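Novice: Following this message is one structure expressed as structure tokens.
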Amino acid sequence: APKDQLQPRLKTFEYAKPGDAIDRAFPHIFRVERDATAATKFRVREIPVDTALFANPWSIDDVHFLANGREVAFKYNQRGHQVLRMIALDLETGASRVIAEESFPTFVDYTNKIWHNWLDDSGELLWMSERDGWNHLYVIDVATGTVKRQLTKGEWLVRRVHGVETAHRTMDVALMGHGDSASPYDVHHARIAIDTGEVTMLTSGDGTCRVEFSPDHSALVCVRARSDMPPVYELRRSSDGAVIVELGAGDARAMITAGWRAPERFVAKGRDGTTDIWGLVFRPMNFDPTKKYPVIENIYAGPHDHHVATWFERSSRSREYAELGAIVVQIDGMGTNWRSKAFHDVCWKNLKDAGFPDRIAWIRALAARDSSIDLSRVGIFGGSAGGQNAMRAVLDHADFYRVAVADCGCHDNRMDKIWWNEQWMGWPVDESYARNSNAEDAHKLGGALMLLVGGLDQNVDPASTMQVAQKLIDAKKDFELLVIPNAGHGCAESEYGNLRRAKFLFEHLDALPR
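So this is what it looks like as structure tokens:
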């Protein structure tokens, strides 16, 4: 519905979906030699390349000429994302060999946990891998492809590498679940010796630390915060992490005096009875522990990240719905990222799981210690992958979730963007895609459902919402559908979309503010 003309305007863009054919690039070797007899004075000869080790690429990139002068290396990500290799290609013969390889029956997390660094002077490759069940760093012998040493080890992980200092053979890294923080999601920073794997912590304290290094990496500014604690600013020495000077700290006293309530961190056991599941609880400023409150879960279970805030931030939507008279929760269940490989693998060909067995156990554990929670009035909302999750709640768990609002959901992963869905659902497209489809399971709807979609969504195909709506109609299910014609992705975050979403949730939870 263009504002400047009556007739609709056609828009086209490229959007590949799971199973689609993709362009594939392969390396070629051309030898250019002087030839006085040729018209151009040069002769070009192509050397045949053995492609057996990289026959089905999703991508081939990060080209690097090795120090031996004879080979060129490149990173090969196989379509389906179950095999990743660093390959060396002989420029004389066209033969190829593997320097490093990752192979899993589930997936290689290529969008988050791929990193390498060449140490040409010593003939080594620094390599990131989840091969032992946690995301760690290894030193690979480039000539033989063997692991010389595992640099980091333990039930914690490397989040990112800030930089490598080749002269001193050290590297500065961000770690999760390591140090003196209580939460496995808190980030701390360390310096690691490449020759020994010795870890020198550069930050400390309960909370997540964000850092900025000086240009020569001799010092760093550390900003530490939690969801319930304002930032603390420190200047630290990067050789040993010692505090040089405290630069300042945030002060929430005025907010607290005005009635602000910090979100509460809560941890409970998941579906297996042993794994810790972490989340946040938002209560209204006028919370009365003698009253009963409905629970609303703000869900996003996309496997590419963890999603519960670890930083001191507004969390405006959760806080807004709490102020309307609910207890709002956010939870990272199994299948989300940045825990162990086993924790993450729960999502493999199983996006409909969305961590619900953990989420429900967590909410029940919260209610067991908090009599203000009314477990007969539980609602849920989410957008994009969270929209898919929210609808799934009232398909598979309507005995627990009374009402759901699903915004711009990728309700069938065959309809969504290729890179995200083949990462978690695999390739080729198989029956697991249908098994995880909200559209295929629409007949199972057991709770109140509102679907929202923007007519101009270029992230998730709006047809995905239309298809699930048609399936609901075919099954004679009662639901609401709101199309906001000129909105893009996340239309429920618009003023009108949010108003309609909140009204639907609170009406069905018997909690509409008067």
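Sequential numbering of the sequence shown, starting at -6, is according to our numbering. Glycine included, every Cβ here is placed at the ideal spot set by N, Cα and C. For clarity, every value in this text was computed on a predicted model and none was experimentally measured.
1) For Ile470, name the three-state secondary structure that DSSP assigns.
2) At which residue ranges does the segment 206 to 283 contain complete beta strand (DSSP E) runs of 3 or more residues, listed in the order of the chain?
3) Under a CB-based cut-off of 8 Å, is Asp54 close to chain D?
4) Three-state secondary structure (DSSP) at Arg152?
5) Could you give the residue range of the alpha helix (DSSP H) that holds Ser311?
6) If we ignore side chains and look at the alpha-carbon of each, how far apart do Asp405 and His210 end up?
7) What are the start and end residues of the beta strand (DSSP E) that includes Ala81?
8) Check the C-beta distance from Val321 over to Ser309 and give it rounded, since I have them as a contact under 8 Å.
9) Using 8 Å as the threshold, is the segment 391 to 399 in touch with the segment 357 to 377, meaning 3 or more CB pairs across them?
10) Look at the Cβ atom of Cys202, then the Cβ atom of Thr193, and state whether they are nearer than 8 Å.
11) If I'm right that Val301 touches Gly263 with Cβ under 8 Å, what's the distance once you round it to whole angstroms?
12) Please report the residue range of the alpha helix (DSSP H) in which Asp351 lies.
13) Near Gly318, which residues of its chain fall below 8 Å by C-beta distance, leaving aside the five closest residues on each side in sequence?
14) With burial defined as no fewer than 16 other Cβ atoms inside 10 Å of the residue's Cβ, what is the status of Asp199: buried or exposed?
15) Tell me the residue span of the beta strand (DSSP E) that contains His182.
16) How many Å lie between Leu112 and Val157 at the Cα?
17) Among the candidates Arg152, Gln0 and Ala255, whose CA atom is the shortest distance from the CA of Met169?
18) Comparing alpha-carbon positions, which option in Tyr489, His436 and Ile187 lies nearest Asp467?
19) Looking only at its own chain, which residues have a Cβ that is under 8 Å from the Cβ of Ser174, when we skip the five neighbours before and after it?
20) Looking at the strands, I want to know which residues DSSP matches up with Val91.
21) From what residue to what residue does the alpha helix (DSSP H) around Leu492 run?
22) Since Leu475 sits in a beta bridge, which residues does DSSP pair it with?
23) Pull up the distance between the alpha-carbon of Gln(-2) and that of Gly481, whole angstroms please.
24) Which value, in whole angstroms, describes the spacing of the CA atoms of His297 and Thr30?
25) On the three-state DSSP scale, how would you describe Glu117?
26) For the putative contact between Phe23 and Val37, defined by C-beta atoms under 8 Å, what is the C-beta separation to the nearest angstrom?
27) Could you spell out where the beta strand (DSSP E) holding Gly376 opens and where it closes?
28) Within 10 Å of its beta-carbon, does Lys106 have 16 or more other beta-carbons around it, so buried, or fewer, so exposed?
29) Quick one: Cα of Leu59 to Cα of Gln416, how far?
30) State yes or no: is the C-beta of Asn513 within less than 8 Å of the C-beta of Ile292?
31) Where in the segment 27 to 82 do unbroken runs of the beta strand (DSSP E), each at least 3 residues long, occur, reported from the N-terminal end onward?
32) By the three-class DSSP mapping on this structure, what secondary structure does Lys106 have?
33) Can the beta-carbon of Cys403 be found closer than 8 Å to that of Asp409?
34) Taking buried to mean at least 16 other C-beta atoms within 10 Å of its own C-beta, is Pro384 buried or exposed?
35) State the CB to CB distance for the pair Asp556 and Phe67, rounded to an integer number of angstroms; the pair is presumed to be in contact (CB under 8 Å).
Specialist: Once the coordinates are examined:
1) Working through the sequence shown from its first residue, we reach residue 470 at position 477. Sequence check: residue 470 is Lys here, not Ile. Coil at Lys470, not helix or strand.
2) Taking 3 residues as the minimum length, the beta strand (DSSP E) runs contained wholly in the segment 206 to 283 are 212 to 219, 222 to 230, 236 to 242, 257 to 262 and 269 to 275, in order along the chain.
3) Looking at the structure shown, chain D is missing, and only one protein chain is on hand.
4) By one-based count along the sequence shown, residue 152 stands at place 159. It is a strand residue.
5) Walking along the sequence shown from the start, residue 311 turns up at place 318. First-last of the alpha helix (DSSP H) with Ser311: Ser309 to Glu316.
6) Within the sequence shown, numbered from 1, the residue matching residue 405 stands at position 412. Within the sequence shown, numbered from 1, the residue matching residue 210 stands at position 217. Distance between the alpha carbons of Asp405 and His210: 47 Å.
7) On the sequence shown, position 88 is the one that residue 81 refers to. Run containing Ala81: Val76 to Asp83, per the beta strand (DSSP E) assignment.
8) Numbered from 1 along the sequence shown, position 328 holds the residue referred to as residue 321. Numbered from 1 along the sequence shown, position 316 holds the residue referred to as residue 309. Not confirmed; about 11 Å, so no contact.
9) Counting Cβ pairs under 8 Å, three or more are found: they touch.
10) To locate residue 202, count along the sequence shown from 1; it is residue 209. To locate residue 193, count along the sequence shown from 1; it is residue 200. Not in contact: Cys202 and Thr193 (Cβ atoms no closer than 8 Å).
11) As a first step, residue 301 must be located in the sequence shown, where it is residue number 308. As a first step, residue 263 must be located in the sequence shown, where it is residue number 270. Going by Cβ atoms, the distance from Val301 to Gly263 rounds to 14 Å, so no, they are not a contact pair.
12) Residue 351 sits at position 358 when you count from the first residue of the sequence shown. First-last of the alpha helix (DSSP H) with Asp351: Phe349 to Arg362.
13) Here the question's residue 318 lines up with position 325 in the sequence shown. Answer for Gly318: Pro277, Tyr286, Pro287, Phe499, Ala504 and Pro506, listed in chain order.
14) In the sequence shown, the residue the question calls residue 199 occupies position 206. Exposed, by the Cβ-count rule.
15) Translated into positions along the sequence shown, residue 182 becomes position 189. Residues Val180 to Ala186.
16) As a position in the sequence shown, residue 112 is number 119, starting the count at 1. As a position in the sequence shown, residue 157 is number 164, starting the count at 1. Pairing Leu112 with Val157, the inter-Cα distance amounts to about 10 Å.
17) As a working mapping, residue 169 is identified with position 176 in the sequence shown. If we check each option's Cα against that of Met169, Arg152 comes out closest.
18) Here residue 467 is taken as the residue at index 474 of the sequence shown, counted from 1. Closest by alpha carbon: His436.
19) In the sequence shown, residue 174 corresponds to position 181, counting from 1. If we look at Ser174 and ignore the five residues flanking it on each side, its Cβ neighbours are His181, Gly198, Asp199, Gly200 and Thr201.
20) Numbered from 1 along the sequence shown, position 98 holds the residue referred to as residue 91. Beta-bridge pairing links Val91 to Ile80.
21) Taking the first residue of the sequence shown as 1, we reach residue 492 at position 499. Note, Leu492: alpha helix (DSSP H), Glu488 to His501.
22) For the purposes of this step, residue 475 is identified with residue 482 of the sequence shown, where counting begins at 1. When DSSP reads this structure, Leu475 sits in a beta bridge with Leu445.
23) Working through the sequence shown from its first residue, we reach residue -2 at position 5. Working through the sequence shown from its first residue, we reach residue 481 at position 488. In a straight line, the C-alpha of Gln(-2) is about 19 Å away from that of Gly481.
24) Working through the sequence shown from its first residue, we reach residue 297 at position 304. Working through the sequence shown from its first residue, we reach residue 30 at position 37. The alpha-carbon atoms of His297 and Thr30 are separated by roughly 58 Å.
25) Counting from one through the sequence shown, the residue named residue 117 turns up at place 124. Reduced to three states, the DSSP call for Glu117 is strand.
26) Here residue 23 corresponds to residue number 30 of the sequence shown, with the count starting at 1. Here residue 37 corresponds to residue number 44 of the sequence shown, with the count starting at 1. At roughly 6 Å, the Cβ-Cβ gap stays under 8 Å, so Phe23 and Val37 are in contact.
27) In the sequence shown, counting from the first residue as 1, residue 376 sits at position 383. Segment Ile366 to Gly376, the beta strand (DSSP E) holding Gly376.
28) The residue given as residue 106 occupies position 113 in the sequence shown. Result: buried.
29) Along the sequence shown, one-based indexing puts residue 59 at 66. Along the sequence shown, one-based indexing puts residue 416 at 423. Whole-angstrom Cα-Cα distance: 30 Å.
30) The shown model of the chain, from -6 to 507, leaves out residue 513, and the question about it has no answer.
31) Runs found: 35 to 40, 50 to 58 and 64 to 71.
32) Walking along the sequence shown from the start, residue 106 turns up at place 113. Lys106 carries a coil assignment under DSSP once its states are collapsed to helix, strand and coil.
33) Looking up residue 403 in the sequence shown gives position 410. Looking up residue 409 in the sequence shown gives position 416. Closer than 8 Å, so yes.
34) Taking the sequence shown and counting its residues from 1, one reaches residue 384 at position 391. The question names Pro, yet the displayed sequence has Met at residue 384. So Met384 counts as buried.
35) Absent from the structure is residue 556, since the part of the chain shown begins at -6 and ends at 507.
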